[in-house]
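J.: I am attaching a structure below and will ask some questions about it afterwards.
Protein chains in written order, with our numbering: chain A, 445 to 522; chain B, 863 to 1226; chain C, 1144 to 1447.
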């Protein structure tokens, strides 16, 4: 993943696709990657810490799932 | 053009002995090497050959550029092959269909030297004949679709040949050929396809799929090259054979050669093996034991046919790098095409099929 | 020796025979052709390029431009582009021969240079700062590029930004600048000294002509440049000049979608593009006049 000031891009080695992540999603993903694999629950929790908006957290979860990244960070499933 | 002429060709000389090439090539030879390697889809193969023989540092800078660029493409092909294999296995495993990867995909998945620098236009797989319908259903459900919708061509593939019509994946745009044997059932030679399944192996990297045994990989490659009548990648396919034989049979692996002959006898593939050994040795000095060459030649054609086939096949194998397309080349290609169809289909079917192929334009 | 120093008769003989070898942005290109549009176009537009001795130089691309060897020789005369004796494209009408050479050479370079990110973009440079203009056809990037070059900017390319995976620098491949339709007249009016080849009508892209690149740009083709800004141009007549900064992520995705070989390069391409963006911010520019565009570009030059 390459994080910039305002947003980030992620290379998914499995599919070869590149994804654009908005700012908050990028920060949350970085937090999760630092702390090891996480469940969807943890994603929501982390998002609540970074951004006090549960709706946002759920949208972001969607984004990450859509980008195939949730699989990489939730080996045990959500 | 004789064997001696083609042995001197820079591309063939480099594959046979890169260290000799490096010692003798000037700008003209390097230019010829670059142009013909690109034309024959062998640039990345040359890059691997050079790296394997430790000759990288001695290459001219301009050649290094071309090799490095080609290596990137081969790396992309390798990554794509693993990605496709994963998807294919994921589609067929739930349907209970075992799958064996063939040719280029097999070399890459099995980690063979022949897979280094190998590009591929499509993935070829083998499934059991009695499960071909189940395989097709599972693949269609997973996003593949049949190309070549013409009814006649559909029948040609399904009824007479040993494969489904070519398939393409809707999202990824990758091509897939599904076979159930390595020779069509209507051909004069009749190897039993079930024998192939007895000795398949499952390399860890192949993700649950199988690849043919070493001798079967060689025999399939030989059969595909010398019986299919398609020489667009003829030289590349012959190089595959050479590299496979060096890896499996080099360094005193006598047992391999005995098994190869025995298996060829068992599968009734001695004739294509004869041609494979003859041409690989004649152009690339493949280290084949003399006794093996003699025994294989004993099962070869009579001397008149042999001389004719030498000329025809040599012209076909080198057609992609021949300096100019003279009338002789056109006839050689036609002769090889007709011969391969002769081997694949009974005569009564052959003539209408060929006539149709010449008249009906291929659809994209 | 430059091509301009070669007498035309010997040039024609070489082209018709064993081929003329030119050094083009570090690529050794051998050309064979007996077709008039090519034989006329080369000495005019490639006058300042170095001619090579084919016995001494390794050929990167062996190109021939001749009638296809079939019936249509006399029906409607055509010309075919061959690389290594193989034709990657359909033949075109013979008058489009020089344009076919240019498009064909672009294809050769873009498809065989995977030590680089090959971005579909124009690139110019001044004072060590390279500006990259990615652009779909119709964005006006080639016209803007030609105008900047006429104003003294160094031309690296009108078509391909080649970013080295190793150094991150942009490799120049200065070539004739391809212009279409009204752009040809616009540039002629903008700079009376601009030299053009013959314009050809009725191509798939309309009327096409080529502007001769400055000798100084060709002479500096070995000088790689560091990227400074990525500018997505959009020409719109009567539009107010509008500059918008793009986030790095937005810029990344737009450049990636304009990169010919992004998918071939995989992870290496992702990393190289990320590195480029670390030093090269992205901007979108809507403009109606060269003056407006130049003002914006000069302002960007002065930024860090």
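Using N, Cα and C, we set each Cβ at its ideal position, and we do this for glycine too.
This structure is a prediction, so every number in the text was calculated from the model and none was measured.
1. So with CB distances below 9 Å, who are the chain B contacts of residue 1198 of chain C?
2. In its own chain, which residues sit with a C-beta less than 8 Å from the C-beta of residue 1147 of chain C, not counting the 5 before and 5 after it?
3. What is the residue span of the beta strand (DSSP E) that residue 1167 of chain B lies within?
4. For chain C, find out if any of its Cβ atoms is closer than 8 Å to the Cβ of residue 446 of chain A; answer yes or no.
5. Say yes only if the C-beta of residue 927 of chain B is nearer than 7 Å to one or more non-hydrogen atoms of the ligand MG, and no if none qualify.
6. Would residue 1411 of chain C pass as an interface residue toward chain A - the criterion being a Cβ-Cβ separation below 8 Å?
7. Does DSSP put residue 1356 of chain C in a helix, in a strand, or in coil?
8. Quick one: is residue 1402 of chain C near chain A, going by C-beta distance under 8 Å?
9. Give me the chain A residues within the contact set of residue 945 of chain B, using Cβ-Cβ distance strictly less than 8 Å, ordered along the chain.
10. How long is the line joining the alpha carbons of residue 1429 of chain C and residue 1385 of chain C, rounded to whole angstroms?
11. Beta carbon of residue 1149 of chain B, beta carbon of residue 1108 of chain B: below 8 Å?
12. Taking the alpha carbon of residue 1028 of chain B as the point to measure from, which residue in B/1064, B/986 and B/1034 has its own alpha carbon closest?
13. Please list the partners that residue 1177 of chain B has in chain C, where partner means a Cβ-to-Cβ separation under 8 Å.
14. To the nearest angstrom, how far is it from the Cα of residue 1125 of chain B to the Cα of residue 1074 of chain B?
15. Taking only runs that begin and end inside the region 1370-1436 of chain C, name each unbroken alpha helix (DSSP H) of 4 or more residues, in chain order.
16. Would you say residue 450 of chain A and residue 1391 of chain C are within 8 Å of each other, going by their C-beta atoms?
17. Are there 16 or more other CB atoms within 10 angstroms of the CB of residue 1335 of chain C, so buried, or fewer, so exposed?
18. Counting contacts by CB-CB distance shorter than 8 Å, is residue 1205 of chain C in contact with chain B?
19. Pick helix, strand or coil for residue 1046 of chain B, following the three-state DSSP scheme.
20. Where does residue 1148 of chain B fall in DSSP's three states?
21. For the alpha helix (DSSP H) containing residue 1102 of chain B, name the first residue and the last one.
22. Helix, strand or coil for residue 1175 of chain C per DSSP?
23. Among B/1137, B/964, B/882 and B/1057, which residue has its Cα nearest to the Cα of residue 1129 of chain B?
24. Suppose the cutoff is 7 Å on Cβ atoms and the five residues either side in sequence are ignored; what does the same chain contact list for residue 1081 of chain B look like?
25. Within the 8 Å Cβ cut-off, does residue 1314 of chain C reach chain F?
26. At the level of alpha carbons, what is the spacing between residue 969 of chain B and residue 959 of chain B?
27. Would DSSP call residue 1284 of chain C helix, strand or coil?
28. For residue 1257 of chain C and residue 447 of chain A, what's the separation of their Cα atoms in angstroms?
29. Any beta carbon of chain C sitting closer than 8 Å to that of residue 516 of chain A?
30. Contact check, residue 1201 of chain C vs residue 889 of chain B under 8 Å by CB: the rounded distance?
31. Would you identify the three-state DSSP class for residue 1348 of chain C, choosing helix, strand or coil?
32. Measuring straight from C-alpha to C-alpha, what distance separates residue 948 of chain B and residue 923 of chain B?
33. Tell me which same chain residues have a C-beta within less than 6 Å of the C-beta of residue 1269 of chain C, skipping the five on either side of it?
34. Check each residue of the region 1374-1390 of chain C: if its Cβ is closer than 7 Å to any Cβ of chain A, include it; give the result in chain order.
35. Roughly how far, in whole angstroms, is the beta-carbon of residue 1188 of chain C from the beta-carbon of residue 1355 of chain C, given that I think they are within contact range, below 8 Å?
T.: In terms of the structure at hand:
1. 888, 889 and 890
2. 1186, 1190 and 1191
3. Not the beta strand (DSSP E): residue 1167 of chain B falls in the alpha helix (DSSP H), residues 1165-1179.
4. yes
5. Looking at this structure, you won't find the ligand MG or any other ligand, since it has none at all.
6. no
7. coil
8. no
9. 458, 459 and 460
10. 5 Å
11. yes
12. B/986
13. Within chain C, no residue comes near residue 1177 of chain B; the closest Cβ sits about 16 Å away, beyond 8 Å.
14. 12 Å
15. 1391-1400 and 1405-1422
16. yes
17. exposed
18. yes
19. Bear in mind that the predicted position of residue 1046 of chain B carries a pLDDT of just 47, short of 50, making it unreliable; the figure below should be weighed with that in mind. Residue 1046 of chain B: coil per DSSP, three-state reduction.
20. coil
21. 1096-1111
22. strand
23. B/1057
24. 1125, 1126, 1129, 1131 and 1135
25. Of the chains in the structure shown, none is chain F; the protein chains are A, B and C.
26. 21 Å
27. helix
28. 25 Å
29. At residue 516 of chain A, the pLDDT of 45 sits below 50, so the modelled position is not reliable and the matter cannot be decided from this model.
30. 5 Å
31. coil
32. 38 Å
33. 1296
34. 1390
35. 5 Å
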